[in-house]
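Here the protein sequences come in this chain order: A and B. Residue numbers for the first sequence follow the working numbering, so the first one is 1 and each next one is one higher. Residue numbers for the second sequence follow the working numbering, so the first one is 1001 and each next one is one higher. Backbone N, C-alpha and C define an ideal beta-carbon position, used for all residues, glycine too. Quick caveat, the model's predicted, so the values are computed rather than measured. A short worksheet on the structure shown next.
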Amino acid sequence: MLSRTHFIYISACVAAFSPSCLLSFSVAAMQVTEAFKHAFLKQMLLGFQASAVSTNSMGIQERKNAIKLSADVAMAVFRGSRKWTRGLIAGLSEKQQNRSFLQLILGEQYERRLMKPCYSSWKIPRCRTIVRRSLRVCCRRQKKKKNQSGVLARTLVEKRTQQLKRLVPGGESMDGLSLLDETLDYVLSLRAQVDLMQSLLTTVESSKLRSHSKRTLTERKASYVGK
Amino acid sequence: MSGRGSRITDEEINELVSKLQSLLPESRRRNTGRVSASKLLKETCSYIKSLHREVDDLSDRLSGLMVTMDSNSPQAEIIRSLLRS
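If you want it as structure tokens, here you go:
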């Protein structure tokens, strides 16, 4: 049963997250769609339910990890089947403590996602030429190109490509075009995730302020009445 | 990319590279057309790292505010009501 305080609290939050609010942040955050917001929030809620043992036993670090995990899973689940989302789920599964959580949230999808074969290894011979060609495209854009620096530039590119592969989940098995493509998609999703979490934070913060000020107002009123 | 023809054009690669470049925060300042592959990769890597840091920071702050992960907490109620709206 909701108490009156809860009711005020909640309606204030809904008002804060109203369509006008959504409009302003959807303009700023190009990728945040209504569908993503719903899927994300749903996952967060599932995350809460899945990870809550008892109200007091969760330390702040555990809560933070649970929130982060829920957010990452929400991002991956919404985006659907991509190399990086499979890589992300696989990476999260490597930690023992995450597995039951993932199982709970993803259900039978969990096994399917992990088992889906990655075809990118078949493409590696062709992708090497693509990497070379994309390097040429980038190099052509430079007005001045010295021959001696060519070798250095190529080594630098290879080194940086390795770095990128480590940053994008599942990147180690990607090459050439698919790496670029997955990177693009991953960056867009990350931005949407950040925007959503930011707006959730703002909503919770502002609702706390509102309920706090309402409480002090009530107290002040009560003290006047008493006089 | 499964399903496509075997020929990937320079144009497609060009397009991907431009799209990626336009996502990066400094792209507006720079004169487009002058980017080098290594610079593009370096900026992409640092951008992804900064996004990761932001997610981490936001998770920290959210966990500070959401004192309990209980399904009955006010915060969970907020989320449920947002879902219903």
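| query | result |
| --- | --- |
| How far does the alpha helix (DSSP H) with A:L106 in it extend, from its first residue to its last? | Q96 to L106 |
| Under 9 Å, Cβ to Cβ, is there at least one residue of chain A near B:E1026? | no |
| Could you work out which residue in B:N1014, B:A1037 and B:D1060 is closest to A:T155 when comparing CA atoms only? | B:A1037 |
| Nearest-angstrom Cα distance between A:L200 and A:K37? | 10 Å |
| When you compare the CB positions of A:T161 and A:L179, do they come within less than 9 Å of one another, or not? | yes |
| Run through chain B and tell me which residues come within less than 8 Å of A:K95, C-beta to C-beta. | Correct list: empty, because the minimum Cβ distance to chain B is about 16 Å. |
| Could you tell me the distance, in whole angstroms, from the CA atom of A:G87 to the CA atom of B:S1063? | 26 Å |
| Is it buried or exposed, A:A35, if we count other Cβ atoms within 10 angstroms and call 16 or more buried? | exposed |
| Using a Cβ-Cβ cut-off of less than 7 Å, list which residues of the stretch 146–167 of chain A approach chain B; keep chain order. | A153, L156, V157, R160, T161, Q163, L164 and L167 |
| Measuring alpha carbon to alpha carbon, tell me which of A:G91, A:K68 and A:G80 ends up nearest A:S173. | A:G91 |
| Given that a residue counts as buried once 16 or more other Cβ atoms are within 10 Å of its Cβ, and exposed if not, what is A:T85? | buried |
| Excluding five sequence neighbours on each side, which residues of the same chain lie with their C-beta closer than 6 Å to the C-beta of B:E1013? | Looking at the sequence itself, residue 1013 of chain B is Ile, so the reference to Glu does not match. Result list for B:I1013: empty, nothing under 6 Å. |
| Report the rounded CA-to-CA distance for A:V151 versus A:K64, giving the unit in angstroms. | 45 Å |
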